[in-house]
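These notes are about the structure you will find just below.
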Amino acid sequence: MTSTLVQDAAMPAPGHKAPPLAPLGLGQKLAYGCGDLSSNLVWGLMLSYLMYYYTDIYVIPAATVAWLLLVPRVFDAFADPMVGYLVDRSGGRHVTRLMGLLAVPFGLATFLCFLPLPLGPQGKLAWAFGSYLLLGGVYSAVNTPYGVLSNMMAIRPQERVSLNAFRLAGCQLGQIIVASLTLPAIAFLGGGGSLAQQQHGITWLAALLGAGAAALWLVTWRSCRVRRALPLEVHGPVTLLRTLIGNRRWHLSNVLTYLNFTVFCSEGGLTIHYTRFVLGHPARDASLLLTLATVSAFAGVLVIPAVTRRFGIRHTYLGLLLWEMGCLAGMALAGSNFTLFATFMALQYLANGPVSPLCLAMLSEAVDEGRARTGIAAAGLAFSSNTLISKVATGVAGFAIATFLAQGHYRPDLAAPSAQLVGWLKLGFMGLPAAAITIAFLLVWASRPDHHQLADTHD
Numbered sequence: 016m017t018s019t020l021v022q023d024a025a026m027p028a029p030g031h032k033a034p035p036l037a038p039l040g041l042g043q044k045l046a047y048g049c050g051d052l053s054s055n056l057v058w059g060l061m062l063s064y065l066m067y068y069y070t071d072i073y074v075i076p077a078a079t080v081a082w083l084l085l086v087p088r089v090f091d092a093f094a095d096p097m098v099g100y101l102v103d104r105s106g107g108r109h110v111t112r113l114m115g116l117l118a119v120p121f122g123l124a125t126f127l128c129f130l131p132l133p134l135g136p137q138g139k140l141a142w143a144f145g146s147y148l149l150l151g152g153v154y155s156a157v158n159t160p161y162g163v164l165s166n167m168m169a170i171r172p173q174e175r176v177s178l179n180a181f182r183l184a185g186c187q188l189g190q191i192i193v194a195s196l197t198l199p200a201i202a203f204l205g206g207g208g209s210l211a212q213q214q215h216g217i218t219w220l221a222a223l224l225g226a227g228a229a230a231l232w233l234v235t236w237r238s239c240r241v242r243r244a245l246p247l248e249v250h251g252p253v254t255l256l257r258t259l260i261g262n263r264r265w266h267l268s269n270v271l272t273y274l275n276f277t278v279f280c281s282e283g284g285l286t287i288h289y290t291r292f293v294l295g296h297p298a299r300d301a302s303l304l305l306t307l308a309t310v311s312a313f314a315g316v317l318v319i320p321a322v323t324r325r326f327g328i329r330h331t332y333l334g335l336l337l338w339e340m341g342c343l344a345g346m347a348l349a350g351s352n353f354t355l356f357a358t359f360m361a362l363q364y365l366a367n368g369p370v371s372p373l374c375l376a377m378l379s380e381a382v383d384e385g386r387a388r389t390g391i392a393a394a395g396l397a398f399s400s401n402t403l404i405s406k407v408a409t410g411v412a413g414f415a416i417a418t419f420l421a422q423g424h425y426r427p428d429l430a431a432p433s434a435q436l437v438g439w440l441k442l443g444f445m446g447l448p449a450a451a452i453t454i455a456f457l458l459v460w461a462s463r464p465d466h467h468q469l470a471d472t473h474d
């Protein structure tokens, strides 16, 4: 096994001019997309079904689940920046190697997180906490180098949008697989719908998804090639962090990432409960909603490079946020009309899907801007902080919606919802996303792009 690191084509020797790089090939983009496909076979399962797994299959009280989803993020506050700092100190030399080394542990951690050991109440909580913490740690260690890799593969702004579109296409494909197959697969693999059969079914499903995720990381590791090495950082963590703190675009991309994750974590985590108690449909119909939403997001990701070339990223971002707000209003007006609600939800994710690649492209530009202004790239720390932000958003949103379920006195065996539970479900499913989208719109609207900022690039 050899490292795929190559000489920095963007940093020629003094007095020499580097030849222009050829456009990034389709094979490289597809291989890079396999990394996020791997992540989202697991991440999609966590976003859309972890809440349901903990409350309805492993039968942990909703109020306890709220803290279970939040507390491990404290560990991530140390783990993610540490991984990023180590990447910076090595000049990105080990980004691909880490993917190869951690592929199998990533799949194994997925299996353990959804392994419902037959324990008492305290034992269940300890096992759920430990396995979820392990998965979060391995996720940090493999996804931070993966994020940095995009900055080492794609050089031009529009090329970065295209590369991250393939990344998000992999993301959406993974979520399509999870959204459409999880509940049927649990029933099929478990042999029925009883609690014991669901526990058996989700164990087999987690094993299969974990194995697939490991194989896909190995594809990314073997196939993706670095075309621009990172500078070897000799600065301490305080200096690197100070550089990032002074980078306005780094702050903006992180806040937008947080807000976007809040949107689909709130909706994804409550889709099953909302389907049952607000729309009045069986839980299996939640798979249809999640599948429609994810397919729409996938379609949006495919067309976003062409849209940004026409309108620029900043104006495209503002348009997407307005589109989402209109669709949320339509979902609220749809009431319990399942067909109308599903239509507006699918239309919302047509806009929500492309938001993430735009955030990632902005982050890449923030790293380059910092490097040009201060001589310090801090790419590893920048991308690790972004990974941390996404996981914090997931934890906080999970804490919020689990608390809403507890406030509505939710129980797995609840036959009919109270008006109180319906109100809390609507607040979590539509209130939190509406607030996050509104704040994001105001921030992007108030941002002042300079002459080379990616937010207005038409290159």
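For what it's worth, my numbering labels the leading residue of the sequence shown as 16, then goes sequentially. A virtual CB, placed ideally from N, CA and C, is assigned to each residue, including glycine.
Residue from the options with nearest C-alpha to residue i
i    : options                : result
R329 : A312, E384, A461, Q187 : A461
D428 : V74, V57, Y47          : V74
L14  : Y47, D300, S371        : In the structure as shown, the chain begins at 16 and stops at 474. Residue 14 is therefore absent and cannot be evaluated.
L362 : T409, S351, V310       : V310
G4   : T70, Y425, E282        : Because the chain spans 16 through 474 in this model, residue 4 falls outside it and cannot be assessed.
L149 : M168, F121, L164       : F121
G42  : V57, S63, M168         : M168
A394 : A412, G50, A244, G225  : A244
F313 : P38, G48, L60, H215    : G48
T197 : D383, L39, L60, I170   : L60
N179 : G327, E384, V437, I319 : I319
N262 : F93, L83, E380         : E380
L116 : R237, A221, A321, V437 : R237
F144 : L85, L255, A200, G162  : L85
P199 : V176, S105, G225, Y64  : Y64
Per-residue DSSP class, three states only, for residue i
i    : result
S177 : helix
R243 : coil
P432 : coil
A298 : coil
L196 : helix
L132 : coil
A312 : helix
Y73  : coil
R171 : coil
V98  : helix
S462 : coil
A393 : coil
G207 : coil
G189 : helix
V86  : coil
G251 : coil
Where the alpha helix (DSSP H) through residue i begins and ends
i    : result
P136 : 136 to 168
P427 : Run containing P427: none; DSSP gives neither H nor E here.
H109 : Neither: H109 is in no alpha helix (DSSP H) and is coded neither H nor E.
D51  : 41 to 67
M445 : M445 -> no alpha helix (DSSP H), and no H or E assigned at all.
P372 : 353 to 389
R264 : 263 to 292
S238 : 210 to 238
G341 : 328 to 349
P38  : Looking at the DSSP string, P38 is not in any alpha helix (DSSP H), and its letter there is neither H nor E.
Whole-angstrom C-beta distance between residue j and residue i, which should lie under 8 Å
i    : j    : result
Y68  : I217 : 6 Å
D91  : L378 : Not really, about 18 Å apart at Cβ, beyond 8 Å.
I416 : M340 : Incorrect: roughly 20 Å between the Cβ atoms, too far for contact.
L231 : L52  : 5 Å
T70  : V57  : With a Cβ gap of about 19 Å, T70 and V57 do not count as contacting.
T235 : G50  : 4 Å
F359 : M346 : 4 Å
L440 : F279 : 16 Å between Cβ atoms; not a contact.
P38  : E174 : 7 Å
A357 : L233 : That belief does not hold up - the Cβ atoms of A357 and L233 are roughly 37 Å apart, past 8 Å.
R277 : C374 : A small fix is needed here, since residue 277 is Thr in this sequence, not Arg. The pair is not a contact, with the Cβ atoms about 13 Å apart (cut-off 8 Å).
Own chain, CB closer than 8 Å to residue i, minus 5 neighbours either side, in chain order
i    : result
N55  : G185, C186, Q187, L188, G189, Q190, V193
A406 : Before going further, note that residue 406 is Lys rather than Ala in the sequence given. Correct list, in chain order: R88, D91, D95, G151, Y154, S155.
F456 : L333, L336, L337, M340
L210 : I72, V74
Q214 : I72, Y73, P131, G205
Neighbourhood of residue i by C-beta distance below 7 Å, restricted to the same chain and skipping five residues each side
i    : result
T290 : H296, A298, D300, A301, L304
N166 : S379, V382, A394
L355 : A349
Spatial neighbours of residue i in its chain, beta-carbon cut-off 6 Å, leaving aside the 5 residues before and after
i    : result
M97  : none
T159 : V98, G99, F398, S399, T402
F353 : L294, H296
A221 : T125, F126, F129
V459 : Y332, L333
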